[in-house]
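Trainee: One structure follows; several queries about it will come next.
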Amino acid sequence: MDLEGIYENIECKGIENTTGPKTQSHHQDEGKDLKHRGSRCLVLITVSLGLICVLLLVFIILQRITITAEKDLIKSYKNTVEEFNQTINSLQDNYTDLMTEKDKLQNKFSSCSHKNMKLETRVKDLTAEKDQLQRSIDSLTRTKLELETRVTSLSEELNKEQSKRG
1 MDLEGIYENI
11 ECKGIENTTG
21 PKTQSHHQDE
31 GKDLKHRGSR
41 CLVLITVSLG
51 LICVLLLVFI
61 ILQRITITAE
71 KDLIKSYKNT
81 VEEFNQTINS
91 LQDNYTDLMT
101 EKDKLQNKFS
111 SCSHKNMKLE
121 TRVKDLTAEK
131 DQLQRSIDSL
141 TRTKLELETR
151 VTSLSEELNK
161 EQSKRG
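Heads up: the sequence shown begins at 1 in UniProt numbering, then just goes up one per residue.
Laid out in structure tokens, this is it:
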């Protein structure tokens with residue numbers, strides 16, 4: 001259906017003559033006005049649809065940019081998570097190595113502590129033996145002095161006896 005048919009339909013159905021009979025030229029002027037209004041309406045609809053298309057295109061482009069940025073951000077997060085996981089694995093390996101080394105050092109410490117206790121016991125035993133030997137030396141030294149004194153005393157007596165005899 002063409003525009004003239006639409007306008008004639010509108011005229012016949014919606015517009016009634018309230019001022020009296022219309023003349024042919026008046027009728028033609030109204031038809032031109034309706035055609036002119038209709039073409040303006042079509043232009044407005046076309047411009048509006050064009051603007052909507054432009055807005056949709058801008059929206060799609062912005063959404064695409066946002067999606068690309070989010071993908072890049074997700075990749076960055078994945079890389080960061082992967083680096084963290086590698087760091088965690090490395091730290092866990094280091095922790096395991098350190099715990100093994102700690103256990104070895106604790107065993108060595110226990111062994112050294114046991115040896116130290118044995119040596120301290122040996123030192124106490126040797127100190128006690130030294131003290132006993134020192135007492136023995138002191139006793140023997142006193143005995144020697146007593147014997148030397150006695151020998152000296154006996155020697156003097158012998159010399160006196162020999163001087164008396166001779």
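Glycine residues also receive a C-beta, built at the ideal position from the N, C-alpha and C atoms.
Considering only residues of the same chain and omitting the five flanking positions on each side of Leu126, which have a CB-CB separation below 8 Å?
Mentor: No residues qualify anywhere along the chain.
Trainee: Say the cut is 6 Å; is the CB of Ser136 nearer than that to a heavy atom of the ligand MG?
Mentor: Only the bare structure without any ligand can be found here, which leaves the ligand MG out of the picture.
Trainee: Determine the direct distance from the alpha carbon of Gln63 to that of His36, and round the result to whole angstroms.
Mentor: In a straight line, the C-alpha of His36 is about 40 Å away from that of Gln63.
Trainee: Tell me the start and end of each unbroken alpha helix (DSSP H) in the segment 54-116 that is at least 4 residues and wholly inside, in chain order.
Mentor: Fully enclosed alpha helix (DSSP H) runs of 4 or longer: not present.
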